[in-house]
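Before any comments, here is the structure.
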Amino acid sequence: MKRNPESVLNVLGKTQYLDDLPENAGMLHAAVVLSPSAHGRFSGLDTAAALAMDSSVRVVVAADIPGQNELGTAVFDEPLLAAGEWHYHGQVLALVLASSRSLARKAAARVAVQGAEQLPAVTDPREAAARGNIILSPRTQRSGDVDTAFLACDVVVSGRVESGGQEHVYLETQGAIAWPDDSGGVRLLSGTQSPSGVQKIVARVLGLPMNLVEVETRRLGGAFGGKEDQATGWAALAALGAVVSGRPVKINLNRRDDMVATGKRHPYSSDFRIGLKKDGTILAFEADFYQNSGAATDLSPAIIPRTLFHAAGAYHIPNVRVTGTMCRTNLIPFTAFRGFGGPQGFFVIESAIDAAARALGIEPADIQRRNLLSDGDEFHYGMVAEDPRAKETMERCLAKADWNKLRADIRDFNAAHAGLKRGAAATPVCFGISFTKIMMNQGGALVHIYNDGSVGVSTGAVEMGQGVGRKIALVVADALGIPDSKVKIETTRTVTVANTMPTAASTGTDINAMAAKIACDQLRARLDALAKDRPGLDFVQLVALAHEQRVDLSAHAFYATPGLHYDLATEKGKPFHYHVYGCAVVTATLDVLRGTYQFDDAFIVHDIAHSIDPVIDRGQVEGAFAQGLGWAALEELAFGADGRLLANTLSTYKLPDAHFMPRMDVEFLERPNPGTVANSKAVGEPPLMYGIAGYFAVLDALKAVHPDKPAFYDLPMTPEKALRFLSEEDSP
Amino acid sequence: MKRVIRFRLNERLYEEEIGSEQPALDWIRKTAGLTGTKEGCREGDCGACLVLLGGRGMDGRPEWKAVTSCTLGMGELDGRHLVTIEGLASGGLTPVMEAMLDEGASQCGFCSPGFIIALTGFLVSGQAIDPVSAMASVEGNLCRCTGYGSIRRAASILARDFADLPAGLERRLPELARRHVLPAALAQLMLEPPEPAGSQGAAFAAIHPEDPSLVDLGGGTDWYVRNPDPDPDLAPRFSDQAPGARSIRAGGSAERPVLELGSAVTVDDFFASPLVRNLAPGIERFAADMASPPIRARATLAGNIVNASPIADLTSMLLALGARLVLEGGPDGERLLELSDFFLGYKKTDIRDGERVRGILIPASPLRFNFEKAAKRARLDIATVNTAMAVTLAPDGGIASVRASAGGVAPVPLRMVALENAMVGKQPSAALAREAGKLAYDCGSPIGDVRGSAGYRRRLMERLTWAHFIRLWPELGLEKELLA
Ligand SMILES: Cc1cc2nc3c(=O)[nH]c(=O)nc-3n(C[C@H](O)[C@H](O)[C@H](O)COP(=O)(O)OP(=O)(O)OC[C@H]3O[C@@H](n4cnc5c(N)ncnc54)[C@H](O)[C@@H]3O)c2cc1C
Ligand code: FES
Ligand code: FES
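Chain order of the listed sequences is A and B. Counting in numbering that gives the first Met the number 0, the first sequence runs without a single skipped number right up to 731 at its last residue. Counting in numbering that gives the first Met the number 0, the second sequence runs without a single skipped number right up to 483 at its last residue.
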C-alpha cells in the first residue's frame with residue numbers, strides 16, 4: 000500500500016504547523032481585544048492597565064493602520080479593527096502585542112472599552128430583510144412557468160424550513176506570523192486557504208504594493224472553508240503588528256477567541272412551495288431563502304448563488320422559481336464552509352419532498368426516485384445535465400441498503416418495540432463543480448526538475464488534509480514517468496505561483512493538478528525531444544543531458560477551466576464544469592423515552608469517476624459525511640437573543656465524535672469523467688450533503704411514534720427537539 | 000510556584016525547578032521543545048494534547064494512562080514519567096502509526112499524535128483487547144477530518160493484531176517493545192517510575208495551609224479549564240501527593256459500615272473498585288457517561304464535588320448513595336457533613352478557609368442503583384440534566400428506602416426529597432413512576448441555557464425518573480405502560 004509521505008510525518012508527530020516552528024528572538028506575541036456585545040458604539044479604549052503590566056506591551060488600534068482599514072473583497076464593509084462602532088460580538092477592537100503569549104492575552108483582557116453605548120441588535124434574517132438590511136440585491140433563478148404549473152398540480156404543499164449555522168472546528172486554530180522585511184514590506188506565514196488573497200489585503204492594509212508582501216502557507220491543521228477569507232484578518236493583524244513594532248509578530252488564536260471571532264456556516268430561514276401530480280411527479284417548486292449573512296458581506300454573494308443552483312437538489316423540476324436574499328444582521332460575518340450554501344438548498348428541497356410525501360400518502364423515497372435527473376435534462380439555470388449519475392447512484396445505494404427489506408424490518412421492529420423506534424432515509428445528491436464566480440476558475444503551477452532528477456512542484460493549492468498535495472504528486476509522477484518518491488510538493492508561496500485562487504470549492508486538484516500536468520507535459524516534450532537521439536537513457540540521465548545541453552528544466556503553466564459562462568441578467572448559463580452525484584441511506588434508532596438517538600448505518604454510493612488515490616477519496620467522503628451529519632443532527636450553533644455566541648467552547652459546541660458516527664459503507668461509482676485531470680471528479684464537498692439523510696432518518700423514527708403529528712424542518716435535529724415532539728404536551 | 004520536580008520525559012530524567020502550576024502542555028512544547036503534542040482546545044475536550052502518564056497506581060504498582068496535558072499541572076509530575084509522541088516515534092513508525100497510515104486515518108494530521116497516544120495507551124493499559132474497547136479508548140479524541148471511519152478500521156486492525164497480548168505490565172511492556180509498539184529502552188524505563196524529588200508526601204506537606212497562594216487540586220480537570228494560564232505565584236497542592244489519599248477502604252462500624260474514599264480517588268478508581276461494585280451492582284455501566292477516558296483517569300471525586308457544578312455527574316451519583324464528606328484543616332478541625340448540605344448556592348459550598356476534603360464516606364449497605372444523564376452528545380458531554388436513584392427493597396418488594404438526586408435543575412445539585420417521600424413504603428408501579436415523574440418535573444427551578452431550555456429540563460427530569468423505574472425494576476416491564 001502506498002503511503003502519503005506527509006501523513007508519515009503527521010503520525011510521527013513531526014509535521015510542523017504554524018505554532019510548532021521555532022520562534023525568532025525578539026518575536027512578539029499578539030492577542031486581540033474583542034467587542035463585548037452584538038452592536039455598540041465606543042469612544043476609545045483604556046489601555047493603561049494593560050500597558051502597566053510590562054514594558055513589552057503595546058496596543059495597536061485602527062488609527063495605527065498605515066493603509067486602508069478594510070478586509071472586504073466583494074463589498075467594502077469589513078474593517079480590520081473596529082473604529083467607533085462594532086457590529087457583532089467578537090469583532091476585533093484592538094491588537095495587543097507582548098513578549099509572551101500569556102502576557103499578551105492577559106494584557107488584552109485588561110484593555111477596557113471607553114464610552115460604550117449599546118445599540119439595538121438584529122439577529123433574525125427575516126427581521127433584517129423586513130427592515131431593508133440586505134446586502135446587494137436578492138437573486139432569483141427561474142425556469143418554466145411556476146405560477147401556471149402550480150394550478151395544474153394535484154397537490155401543493157408549502158412550509159417553512161430552518162437550518163442552523165456550523166462552526167468549522169478545524170483542529171488547528173487560526174494564526175499567522177509576520178516578519179518585517181528590509182525591503183520595507185513584510186513576509187508572512189499564514190494559516191490560509193488563500194495566500195494570494197492574504198497578500199492582496201495585507202498590501203491594502205499596509206498601503207504597500209503587492210510585490211512587497213510575500214505570503215507562504217504550510218500545511219494547515221484543517222480548514223473546511225473557515226480559512227478561505229477568514230484567515231486574512233489574522234494575517235493582516237500580524238503584519239500590522241510587525242510593521243508598527245518592527246519585530247516579528249505571531250498571532251495564534253485560542254479556541255474560544257477562534258470560535259467567537261471567526262465566521263461560520265450561514266444559518267438560513269426559508270419558505271417553500273412544492274406542487275406534484277398524484278403519482279409523485281414534481282411539477283413546480285418555489286423557495287425563498289433568507290440567508291443570515293451576519294454583519295459583513297464576506298463571501299455571502301458567492302454563497303447565495305450556490306444555494307440557488309442546488310435548490311432543486313438531484314431532481315429535474317420543470318418549473319422553478321427560487322430567490323435568495325442576503326440579510327445583514329448583528330452576528331459574526333458568516334462565511335465559506337464545505338458545501339458553500341449547497342447544503343442549505345438541499346435541506347429545503349428534501350424537506351419539501353418529505354412534506355409532499357405525507358400529503359400524498361406515499362414514501363419520500365418514491366418521490367425522490369421518480370424525479371431524479373436524466374440525461375439531457377435542463378437545470379433551472381440553463382445548464383444541461385450530461386451523463387447524470389443520480390439514478391444510478393441512488394438505485395445502487397438503495398440496493399446496497401436492501402431498501403425494501405430495510406423498510407419492512409423497520410416496520411416490524413417498530414411494531415415490536417415501545418421504547419425504541421428505528422427510522423431510515425435516503426438523500427440523493429447532485430453537486431456542481433467550479434467556483435460559482437467564473438473568474439476564479441484559474442490556477443498556475445511551477446515545476447522544477449533539479450539536475451539530479453528530483454522534482455519540485457509549486458502550485459496555488461494549499462494542503463489542509465484533503466490530500467491535494469498527494470494527488471498532485473501522483474499526477475506529476477505519472478506525467479513525467481517517474482516514481483512519486485522523486486516528487487516534492489512545495490509549500491504554497493506567492494512568489495512562486497502568483498495570483499492564485501483560494502483552495503476551495505472542491506477544485507483544488509481539478510485546477511492545480513491540471514496546471515501541474517500541463518507544465519510536466521511541456522517538460523516531458525523537451526526531454527522526449529532529446530531522447531529521440533539518445534534512446535535508452537533513464538530519466539536521471541536524460542535530465543543530466545538536458546542540463547548539459549542548456550535545456551530549460553523548469554516550466555510554468557496555467558489552467559483555466561474551459562467552457563464556463565453565465566449571464567447574470569437572465570441567471571442562465573453553464574456555471575459548472577460538471578456535476579458530482581451520489582446517494583446515502585442512513586438509519587437511526589430513537590430512544591422514545593429520552594428523545595436521544597443514535598445512527599446505526601450509512602450506506603453511500605459516490606460518483607468518484609476515477610480515483611487518483613482511493614484512500615484519500617474514501618477519507619474525503621467519510622469526513623464530509625461526518626460533517627454533514629454533525630450539521631444535520633448534532634451541532635447547534637447557539638446564539639443568545641442578544642446576539643452573543645453561547646456555544647463558544649468545545650464543551651458547549653459538540654461536534655461528532657467516534658461514538659456518534661454510524662458504521663459507514665462507502666462504494667464508488669467508477670466511470671471516467673472526460674475533460675478533467677486523470678478523468679477524476681472533485682470530492683471535497685459533495686458528500687457533505689449525505690448527512691442530511693441523518694435528519695430525515697430521525698424524523699422517520701419520530702413519525703413512527705406520532706404518525707399524525709406534523710413534521711418539523713428545523714435543522715439540526717437535537718434530542719431536545721425530538722423529546723418535544725415525543726411528549727404530547729408541548730410540540731415543537 | 001517553582002518547586003524541584005523529578006520526573007522522566009520519554010527516556011530522559013529531569014530534576015529541575017519548574018513552576019508547579021504550569022500546564023504540562025506548555026512545558027512540553029515550549030521548554031522541552033517537543034511540538035508533536037498539540038493544543039486544540041486547552042480544556043480537555045479534544046485530545047490533541049494527550050500524553051501517556053506513568054506512575055504508581057492504587058496498589059503501588061506501575062500504572063500507565065493517557066491523559067490530557069492541558070489540564071495536567073507540572074507539579075503532578077514529581078515521581079512520574081511522561082511519554083509523548085516523540086518518545087514513541089524515536090525508533091520510527093510503530094504498528095499503531097502504520098495502521099493509521101494504511102487506513103488513511105491521518106488527513107490534516109493535527110489530531111493524529113493524540114489518537115496514536117490514546118491507542119498506544121490502550122495497548123499498554125492492560126485492558127482486554129477488542130475493537131469496541133479500542134474505539135472506547137479514543138472517546139476523548141476529536142477528529143474533524145476523517146469522520147472516524149479510517150480510525151475505526153485502524154483500531155480494528157490493532158485489536159486483531161494484538162488480541163493475544165499478555166496481561167500484566169511486566170510482561171506486556173517487553174512484548175510491546177518486541178513488536179515495536181514501544182522503543183525497547185523506553186519500555187524498560189516504563190516499568191520503573193522515578194522517585195519523587197522529595198520523600199513521599201513532602202511536596203504535599205511543603206505548602207503551609209495558610210499560604211494564600213495555595214490551591215488544593217485533584218486531577219486539575221476542572222481547575223485548569225477555568226485557569227488556562229495560571230498565575231506563576233500559585234502553589235497547587237495535589238491531593239494524590241498526600242500519603243494514602245488514593246484509597247478505597249471498608250470502614251465504619253458493624254451496624255454502620257461505610258466505604259472510605261480518600262481525596263485522591265479518581266473516577267476510574269471509583270468504578271473499578273470491587274467494594275463500590277458490590278455496593279451498587281452494575282454501577283460501572285455508568286462510567287462511560289462521565290467525560291472521557293483521559294479525563295476519568297485524572298478527575299477525582301473530591302474535585303467533582305468541590306467544583307460544585309449543578310450538573311456534576313459523580314456528585315449526582317454520590318448524593319443518591321448517601322455520601323458524607325470529611326473536611327479537614329478548618330478552625331474546628333475535622334468535620335463531617337452530609338453531601339447535600341455542602342452546596343450553598345451556585346458554585347458556592349460550605350468549604351471554609353483552609354479546609355480541604357480529606358475523604359468521602361458512603362454507607363455500605365447494598366442497593367439497587369440507576370443513573371441517568373441527558374446531554375447533546377452521548378459521550379464526552381456535560382449533562383443537560385442528570386439524576387441518580389438508589390433504592391433498597393423490603394421483603395415484600397416494596398420500597399424500603401430511596402434516595403434520588405437531580406442535577407441541572409437548580410443552582411445546586413439537589414436531593415429530590417418530595418419524590419423520595421412519595422415513594423417510600425410503596426410498591427413500584429407505572430402509576431408510582433408517573434407520580435414520581437410529576438414530582439421530578441417540579442423538583443427544581445431550571446433555567447434555559449446553551450444545553451437546553453427550562454421546559455426541556457423539566458420534561459427530562461420526568462422522563463428520566465420513569466427511566467429509573469424501568470431500569471431499577473426490569474422485572475416489572477414498565478416501559479410499555481409508561482409510553483402508552
Ligand atoms: C473535557 C472534560 C469533560 C468533563 N466532563 C464531565 C462530565 O461528564 N461530568 C462531570 O461531572 N464532570 C465533567 N468534567 C468536569 C471535571 O472533570 C470533574 O468535575 C472532575 O471530577 C473534577 O475533578 P478534579 O480532580 O480534576 O478537580 P480539580 O480540577 O483538581 O479541582 C476542582 C475544584 O475542586 C477543588 N478541589 C479539588 N480537590 C479538592 C480537595 N481535596 N479539597 C478541597 N478542594 C478541592 C479545586 O481547588 C478546584 O476548585 C469534565 C471536565 C473536562 C475537562
Ligand atoms: S488541548 Fe484539547 S484536550 Fe488538551
Ligand atoms: S486528521 Fe484533521 S483533525 Fe483529524
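For each residue, glycine too, the CB sits at the ideal point set by N, CA and C.
- At the C-beta level, A:D63 and A:Q113 stay beyond 8 angstroms of one another.
- Chain A has no Cβ within less than 8 angstroms of the Cβ of B:F270.
- Residues of chain A with a Cβ closer than 8 angstroms to the Cβ of B:T30 do not exist, since the nearest Cβ in that chain sits about 13 angstroms away.
- CA-CA distance, A:T392 to A:R410, rounds to 25 angstroms.
- Close CB contacts of A:N370 within its chain, under the 6 angstroms cut and outside five residues either way in sequence, are with I281 and Y314 (chain order).
- Within the model, the alpha-carbon separation for B:T34 versus B:G108 is close to 13 angstroms.
- In chain order, the residues with a C-beta atom nearer than 6 angstroms to some heavy atom of ligand 2 are B:E38, B:G39, B:C40, B:R41, B:G43, B:D44, B:C45, B:G46, B:A47, B:C48, B:T67 and B:C69.
- Restricting attention to B:S68, B:A47 and B:H80, the CA atom closest to the CA of B:E62 is found in B:H80.
- With the criterion set as a beta carbon lying under 9 angstroms from some beta carbon of chain A, the members of the region 83-106 of chain B are T83, I84, E85, L87, A88, G91, L92, T93, V95, M96, E97, M99, L100, D101, E102, G103, A104, S105 and Q106, in sequence order.
- With a beta-carbon spacing of about 7 angstroms, B:L326 and B:R357 fall inside the 8 angstroms limit used to define contacts.
- Using a CB distance below 8 angstroms, the part of the region 638-657 of chain A facing chain B consists of L645, A646, T648, L649, S650, T651, K653, L654, P655, D656 and A657, ordered along the chain.
- At a cut-off of 8 angstroms, the C-beta of B:L459 has a neighbouring C-beta in chain A.
- Counting the other Cβ atoms within 10 Å of the Cβ of A:A524 gives fewer than 16, which makes it exposed.
- For A:C582, the Cβ stays outside the 7 angstroms cut-off from all heavy atoms of ligand 3.
- The Cβ of A:R104 sits closer than 8 angstroms to at least one Cβ of chain B.
- If you ignore the 5 residues before and after B:M289, its C-beta comes within less than 7 angstroms of the C-beta of V266, R295, D312 and L313, all in its own chain and listed in chain order.
- Taking 7 angstroms as the upper bound on Cβ-Cβ separation, chain A lies near residues M134, V137, E138, L141, R143, C144, T145 and G146 of the region 129-146 of chain B.
- Contacts with chain B (Cβ-Cβ distance below 8 angstroms) from the region 206-220 of chain A involve R218, L219 and G220, listed in chain order.
- Per DSSP, the continuous beta strand (DSSP E) segment holding B:P362 begins and ends at R355 to P362.
- B:C144 is not bridged by DSSP to any residue.
- For A:M663, the nearest CB of chain B lies under 8 angstroms from its own CB, placing it at the interface with that chain.
- In this structure the region 58-77 of chain B lies against the region 231-239 of chain B, because at least three pairs of beta carbons, one per stretch, are closer than 8 angstroms.
- Burial check for B:T391: the Cβ neighbour count within 10 Å stays below 16, so the residue is exposed.
- For B:A466, the chain A residues whose Cβ falls inside 8 angstroms of its Cβ are L592 and R593, in order along the chain.
- Per the Cβ contact rule, the region 380-398 of chain B is in contact with the region 414-427 of chain B (3 or more Cβ pairs under 8 angstroms).
- With respect to the 8 angstroms criterion, A:G274 and A:D18 are not classified as neighbours on the basis of their beta carbons.
- Here A:L94 is actually not in contact with A:G206; their C-beta atoms are around 17 angstroms apart, not less than 8 angstroms.
- For A:Y694, there are no neighbours in chain B by C-beta distance under 8 angstroms, as the nearest C-beta there is about 15 angstroms away.
- When Cβ-Cβ separations below 8 angstroms define contact, A:V154 makes no contact with chain B.
- Annotation: the continuous alpha helix (DSSP H) that includes B:F468 extends over A453 to L471.
- Taking a Cβ-Cβ threshold of 9 angstroms, none of the residues of chain A is close to B:C48; the smallest such distance is about 11 angstroms.
- Sequence-ordered contacts of the region 13-37 of chain B with chain A read T34 and G35 [C-beta pairs closer than 7 angstroms].
- For B:E16, the pairing in a beta bridge is given by DSSP as B:V3.
- Close partners of B:G406 in chain A (Cβ separation under 8 angstroms) are lacking, with about 16 angstroms as the shortest Cβ gap.
- Every alpha helix (DSSP H) of 4 residues or more that sits fully in the region 380-424 of chain A is shown, in chain order, as 389-399 and 402-415.
- Listed as beta-bridge partners of A:K487 by DSSP are A:G455.
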